[in-house]
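K.L.:
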Amino acid sequence: MAKNKTIETEVSVVDFINSYVASDQNKVDSFRLIDFMREWSGFEPKMWGATIIGFGSYHYKYASGHEGDAPLIGFSPRKMEFSLYVFSPTPDNKHLLDDLGKFKIGKACIYVKRLSDINILCLEKLCKTTIAYLNEHDQCACK
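With our numbering applied, the sequence shown covers 4 to 146.
(1) Take the Cβ of Val115 as the centre, count every other Cβ of all protein chains shown within 10 Å, and call the residue buried at 16 or more, exposed below.
(2) To test your reading of the DSSP string, which unbroken beta strand (DSSP E) runs of 3 or more residues are found completely within the region 21-74?
(3) Might you give, ordered along the chain, the residues of its own chain that have their beta carbon closer than 6 angstroms to the beta carbon of Thr54, omitting 5 neighbours on each side?
(4) Report whether the distance from the Cβ of Ala135 to the nearest heavy atom of the ligand NAD is below 7 angstroms.
(5) Find out if the Cβ-Cβ distance for the pair Asp102, Asn122 is shorter than 8 angstroms.
(6) What is the residue span of the alpha helix (DSSP H) that Ile76 lies within?
(7) Since Lys110 sits in a beta bridge, which residues does DSSP pair it with?
(8) Taking Leu87 as part of the beta strand (DSSP E), name the residues at either end of that continuous run.
(9) Given this structure, state the Cα-to-Cα distance separating Val31 from Gly57, to the nearest angstrom.
(10) With a 10 Å radius around its C-beta and 16 neighbouring C-beta atoms as the bar for buried, classify Ser26 as buried or exposed.
(11) Would you mind stating whether Lys110 and Gly52 have Cβ atoms separated by less than 8 angstroms?
Given below as structure tokens:
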């Protein structure tokens, strides 16, 4: 089975943002997201793979046998938009999307161009319900 490439690393989150994120506004938004997600999760930011900033972790195992570790919540400051890894398939979260603001949703993340496009209170609720969901539904030895 293929080895998971998205694993926690020792790379400095601050160094990553300062060297990878080109736009001054995206740097500001990145540091704001770090402050928010640190507060909401209770975990310090860690780099996961080359470009994901994650908070906490949990262990997952799929029916196929594939398993690994992933951050509870996180984000990646991509060139054109932020990828927010904060969504779990709960009825509450689906309703929160109605009030989130301007975004696109993918299979595993929510895409936003800038923080000013979204409702931060909705983002907070999404993060907290996702953490609660992962604590209940996956083999979450949250660390």
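Heads up, the beta-carbon is just placed ideally off N, CA and C, and yes, glycines get one too.
Since this is a predicted model, take the numbers as computed values, not measurements.
P.N.:
Answer, in terms of the structure:
(1) Mapped onto the sequence shown, residue 115 falls at position 112. Per the 10 Å Cβ criterion, buried.
(2) 48-51, 55-58, 61-64 and 70-73
(3) By one-based count along the sequence shown, residue 54 stands at place 51. Counting only Cβ-Cβ distances below 6 angstroms, and skipping sequence neighbours, we find Ser79.
(4) Absence of the ligand NAD from the depicted structure is noted, as is the absence of any ligand whatsoever, leaving it without description.
(5) Locating residue 102 in the sequence shown gives position 99, where the first residue counts as 1. Locating residue 122 in the sequence shown gives position 119, where the first residue counts as 1. Contact: yes.
(6) As a working note, residue 76 is residue 73 in the sequence shown. Ile76 -> not in any alpha helix (DSSP H); beta strand (DSSP E) instead, spanning Ile76 to Pro80.
(7) Working through the sequence shown from its first residue, we reach residue 110 at position 107. BP columns for Lys110 are empty, so no partner.
(8) By one-based count along the sequence shown, residue 87 stands at place 84. Judged by DSSP secondary structure, Leu87 falls within the beta strand (DSSP E) whose first and last residues are Phe85 to Tyr88.
(9) Taking the first residue of the sequence shown as position 1, residue 31 is located at position 28. Taking the first residue of the sequence shown as position 1, residue 57 is located at position 54. Distance between the alpha carbons of Val31 and Gly57: 17 angstroms.
(10) Counted from its first residue, the sequence shown places residue 26 at position 23. Result: exposed.
(11) Counting from one through the sequence shown, the residue named residue 110 turns up at place 107. Counting from one through the sequence shown, the residue named residue 52 turns up at place 49. Not a contact, by the Cβ cut-off of 8 angstroms.
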